[in-house]
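Just below is one structure, and these are the notes that go with it.
Protein chains in written order, with the numbering used here: chain X, 1 to 564; chain W, 565 to 793.
Structure follows, in structure tokens:
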């Protein structure tokens with residue numbers, strides 16, 4: 001009995017150190033008060049069953065605490081929350097643990113970076129992974145670092161690739177069963193892309209899947225000459241995992257050089273693809289190439305969203321993929337079969353998709369000396385920021401960029417660590433670039449509603465059982481919309497552009513919404529009285545009751561034992 | 565087009581695509597500074613010039629570039645050949661132009677040296693930033709050369725109030741504008757029934773009918789003489 005009481009006391013005093021096992025992440029949906037992996041769960045729907053904050057009370061949301069980073073780089077973090085602690089990365093390659101009650105830092109890891117870091121689009125980081133008592137951080141000098149989750153102490157630090165050659169890590173790693181998956185950035189520098197798995201305890205590399213096959217490997221013949229050596233196909237956005245099929249899904253980026261196709265004739269496998277890999281070996285089970293021989297720099301590095309649904313009368317395991325190229329794809333995630341491809345944003349580079357999902361391209365959008373106008377521009381109709389799928393509405397939500405640019409052909413000579421792109425761009429003049437939050441029918445891609453948000457967005461999305469979708473804007477607004485209707489129910493001007501994904505969690509039984517904006521990490525909640533009256537009794541009284549019963553039980557049993 | 569068709573004069577080609585839209589295809593200015601001058605105001609030496617091409621100029625419309633170091637040096641070399649072009653002949657008289665500027669009450673909207681209105685662009689260094697040809701065009705057909713950051717808006721509120729002004733800022737949910745007498749207005753978009761972005765419109769009238777050709781030359785000469793600092 002004493003041990004039982006002790007156990008109860010331990011649970012009540014909620015230790016400030018994480019023991020986030022693989023099993024907990026696998027079962028993340030059963031503890032919605034935590035946010036254990038990049039997209040909230042392996043299925044990557046970025047949907048939470050928390051519903052304290054709902055359509056009726058969301059207009060009362062207010063900032064509860066704010067953490068400010070010291071960097072002026074874009075703050076792209078998607079936090080991890082477990083056991084009373086929030087784990088964040090900060091640009092360029094730092095990590096911090098924050099006390100969930102107070103917002104106060106518990107530790108910080110500040111990385112000393114070498115000279116000559118090259119990243120195309122800012123020295124950024126999108127988050128850490130957590131497994132057992134370790135925090136995993138990728139760095140812009142292309143290392144993977146394991147930190148003690150209690151102290152931030154470095155446990156190991158391994159070089160993933162040579163940063164002076166243009167390799168960098170900005171992606172949040174993905175923790176699986178006894179392995180850490182990490183991708184690589186550098187598609188604008190003529191790298192050869194790959195996806196890696198590391199041993200969480202030792203840092204030993206378990207496998208590497210080259211996203212550009214070498215000589216003798218299947219797919220190498222889709223690259224003319226030795227162009228595969230500089231073929232790009234980076235893996236800089238966190239993928240998804242299906243534990244039943246035991247398949248790891250990961251998107252790949254553009255082939256290099258970005259805008260010159262002549263020097264790399266062929267389909268350029270496995271650039272611009274969704275890969276399904278065996279997570280134990282890194283072996284390729286299937287792939288679907290969205291865009292063979294891309295010459296528009298439309299990385300297919302978005303978050304794959306795993307959904308089980310009835311499709312044309314059959315229960316199917318699907319993967320949803322709103323692609324940066326402006327088309328929304330639905331694939332069978334068992335086989336990679338193409339099921340749906342539907343335009344969801346302004347584009348002129350393709351006349352459409354054929355029955356196999358292969359685009360029919362518009363040759364007038366190929367960069368040349370006089371300039372070719374292309375929609376979307378190479379920042380895409382979507383980008384790395386996350387979509388969300390709500391099983392309440394069966395809608396997939398995507399922030400959409402509608403902006404074009406004129407592309408002028410330039411030379412591209414490969415030098416290690418130098419830009420290797422082959423075009424320069426100028427925004428289309430005389431119109432405002434446009435942005436929208438769009439809700440699409442998940443099975444058809446049909447538009448259900450949209451919210452114009454002025455500047456093209458860089459914010460990810462999250463949906464909740466409260467019937468809400470949370471989003472941000474480049475102009476600094478963070479807002480909640482009714483997931484069914486698209487009515488904006490609450491908004492808050494943060495004062496800095498939102499280049500991050502929202503998350504939600506419980507702290508002391510109260511629901512919070514977190515979002516990075518500008519150089520600050522905002523944590524919103526309902527006013528304390530509202531939150532407490534709604535949540536405290538459910539959370540605390542349950543434990544109090546159990547404790548009381550246990551103690552009573554203990555007393556009674558103790559007495560009876562004494563009587564024996 | 566095949567990659568090998570790119571002409572060898574890459575500095576010139578890069579300049580046309582990357583710089584020409586603001587600095588003019590000949591480099592003699594437009595929206596951006598006139599570079600066809602023996603001495604550049606900010607790019608005082610080769611290193612400064614390359615730095616500006618690479619990083620842009622903070623606080624101005626001059627952006628940073630994605631060019632490789634070798635491309636930057638080729639563009640810089642090309643820009644220096646522009647400096648060998650004969651300076652543009654400005655036929656007018658700047659002193660008489662200043663008088664015409666005052667008589668036309670340009671200061672109602674534009675400021676020089678802190679004197680004047682706030683509706684239109686500040687003209688302190690307009691002669692260093694714009695070419696004579698561009699300024700002439702702006703006086704004759706203002707709507708063909710509306711500077712960025714001066715989008716004309718027409719809004720109608722839900723209670724029927726109509727207003728025209730220049731956009732100060734906008735986001736998904738709100739818009740701020742300055743009316744033509746300088747008053748600032750801020751609206752939530754759901755307070756508006758109409759938000760009309762008038763891209764090719766300008767509150768500035770054409771001065772074609774109000775200036776003789778000689779007076780036009782004079783005003784242009786005056787504006788060209790405004791070099792700032």
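Using N, Cα and C, we set each Cβ at its ideal position, and we do this for glycine too.
In this text the structure is predicted, and so the values were computed from the model without any measurement.
Partner residues on chain W for residue i, Cβ-Cβ distance less than 7 Å
| i | result |
| --- | --- |
| residue 483 of chain X | Those within 7 Å of residue 483 of chain X in chain W number zero; the least Cβ separation is about 18 Å. |
Contact set for residue i: own chain, Cβ-Cβ below 7 Å, skip 5 residues either direction
| i | result |
| --- | --- |
| residue 536 of chain X | Because residue 536 of chain X carries a pLDDT of 48, less than 50, the predicted location of this residue cannot be relied on, and the following value inherits that uncertainty. The answer, listed in chain order, is 509. |
| residue 164 of chain X | 116, 416, 417 |
| residue 569 of chain X | This structure does not reach residue 569 of chain X, given that chain X is present from 1 up to 564, and the question cannot be answered. |
| residue 94 of chain X | 108, 109, 110, 111 |
| residue 285 of chain X | 247, 276, 277, 278 |
| residue 408 of chain X | 367, 369, 371, 423, 424 |
| residue 506 of chain W | Outside the displayed span of chain W (565 to 793) sits residue 506 of chain W, for which this structure offers no information. |
| residue 351 of chain X | 360, 362 |
| residue 692 of chain W | 597, 605, 791, 792 |
| residue 320 of chain X | 305, 307, 330, 389, 396, 442 |
Residue i, DSSP secondary structure in three states
| i | result |
| --- | --- |
| residue 66 of chain X | strand |
| residue 96 of chain X | strand |
| residue 101 of chain X | coil |
| residue 534 of chain X | Residue placement at residue 534 of chain X is poorly supported in this model, since its pLDDT is 48, which falls under 50; the coordinates are not used for a value here. |
| residue 197 of chain X | strand |
| residue 112 of chain X | coil |
| residue 400 of chain X | strand |
| residue 413 of chain X | coil |
| residue 548 of chain W | As displayed, chain W neither begins before 565 nor continues past 793, which places residue 548 of chain W out of reach and without an answer. |
| residue 640 of chain W | helix |
Beta-carbon neighbours of residue i, restricted to chain X and to distances below 9 Å
| i | result |
| --- | --- |
| residue 740 of chain W | Correct list: empty, because the minimum Cβ distance to chain X is about 12 Å. |
| residue 769 of chain W | Ordered by position in chain X, no residue passes the 9 Å Cβ test against residue 769 of chain W, which lies about 21 Å from the chain. |
Contact list for residue i against chain X, beta-carbon separation under 7 Å
| i | result |
| --- | --- |
| residue 736 of chain W | 452, 453, 454, 473, 475, 477 |
| residue 577 of chain W | 369 |
| residue 574 of chain W | 411 |
Chain W contact residues for residue i, given Cβ-Cβ distances below 8 Å
| i | result |
| --- | --- |
| residue 438 of chain X | What residue 438 of chain X touches in chain W: nothing, since even the nearest Cβ is about 14 Å away. |
| residue 229 of chain X | In chain order: nothing, as chain W lies at least about 17 Å away. |
| residue 424 of chain X | 578, 581, 582, 629, 630, 631 |
Under 8 Å by beta carbon: chain X residues contacting residue i
| i | result |
| --- | --- |
| residue 732 of chain W | None at all; the shortest Cβ gap to chain X is about 13 Å. |
| residue 717 of chain W | Here the premise fails: no neighbours, minimum Cβ distance about 11 Å. |
| residue 611 of chain W | Neighbours of residue 611 of chain W on chain X: none; closest Cβ ~19 Å, over 8 Å. |
| residue 761 of chain W | 432 |
| residue 635 of chain W | 410, 411 |
Cβ-based neighbour list, residue i, same chain, cut-off 6 Å, excluding 5 preceding and 5 following
| i | result |
| --- | --- |
| residue 480 of chain X | 58, 468, 470, 489, 490 |
| residue 759 of chain W | 719 |
| residue 462 of chain X | 46, 388, 470, 502 |
| residue 636 of chain W | 614, 617, 618 |
| residue 460 of chain X | 385, 386, 501 |
| residue 595 of chain W | 586 |
| residue 29 of chain X | 41 |
| residue 156 of chain X | 146, 203 |
| residue 531 of chain X | Per-residue confidence for residue 531 of chain X stands at a pLDDT of 47, beneath the threshold of 50, marking its modelled position as unreliable; no derived number is given. |
Residues near residue i in its chain [Cβ-Cβ closer than 8 Å; skip 5 each side]
| i | result |
| --- | --- |
| residue 700 of chain W | 780, 784 |
| residue 61 of chain X | 53, 480, 490, 492, 513, 524, 525, 526 |
| residue 698 of chain W | 588, 593, 594, 595, 709 |
| residue 533 of chain X | With a pLDDT of 46 at residue 533 of chain X, under the threshold of 50, the modelled position of this residue cannot be trusted; read the value that follows with caution. Nothing listed; no residue qualifies. |
| residue 706 of chain W | 766, 768, 769, 770 |
ask   = Should the stretch 140-149 of chain X be regarded as contacting the stretch 99-106 of chain X, the criterion being three or more beta carbon pairs within less than 8 Å?
value = Between the stretch 140-149 of chain X and the stretch 99-106 of chain X, the count of Cβ pairs shorter than 8 Å is below three; the stretches do not touch.
query = Do the stretch 366-375 of chain X and the stretch 299-314 of chain X meet, that is, are 3 or more Cβ pairs less than 8 Å apart?
reply = Look at the beta carbons and you see the stretch 366-375 of chain X not touching the stretch 299-314 of chain X: under three pairs across the two are nearer than 8 Å.
query = Are the stretch 170-177 of chain X and the stretch 216-228 of chain X touching by the rule of at least three beta carbon pairs closer than 8 Å?
reply = Contact between the stretch 170-177 of chain X and the stretch 216-228 of chain X is not established, with fewer than three Cβ pairs separated by less than 8 Å.
key: Residues from the stretch 577-592 of chain W in contact with chain X, defined by Cβ distance under 7 Å   = If the cut-off is 7 Å between Cβ atoms, the stretch 577-592 of chain W has 577, 578, 581, 582, 585 near chain X.
ask   = Which residues, in order along the stretch 691-710 of chain W, keep a beta-carbon less than 7 Å from a beta-carbon of chain X?
value = Result list empty, no residue passes.
task = Could you tell me whether the stretch 669-681 of chain W touches the stretch 719-735 of chain W, using the rule of 3 or more Cβ pairs below 8 Å?
result = Touching, no, given that fewer than three Cβ pairs across the two stretches are closer than 8 Å.
Interfacial residues, the stretch 482-501 of chain X to chain W, with Cβ spacing under 9 Å = Across the stretch 482-501 of chain X, CB contacts with chain W closer than 9 Å involve 488, 491, 493, in sequence order along the chain.
message = Measuring CB atoms only, is the stretch 418-437 of chain X touching the stretch 445-455 of chain X, in the sense that at least three cross pairs come out at less than 8 Å?
response = They touch, by the three-pair rule.
task = Could you say if the stretch 331-339 of chain X and the stretch 258-272 of chain X meet the contact criterion of at least three C-beta pairs nearer than 8 Å?
result = No, the stretch 331-339 of chain X does not touch the stretch 258-272 of chain X.
request  = Mind the definition here: the stretch 64-75 of chain X touches the stretch 518-530 of chain X only if three or more C-beta pairs lie below 8 Å; say whether that holds.
outcome  = Taking one beta carbon from each stretch, the stretch 64-75 of chain X and the stretch 518-530 of chain X have 3 or more pairs nearer than 8 Å; the two touch.
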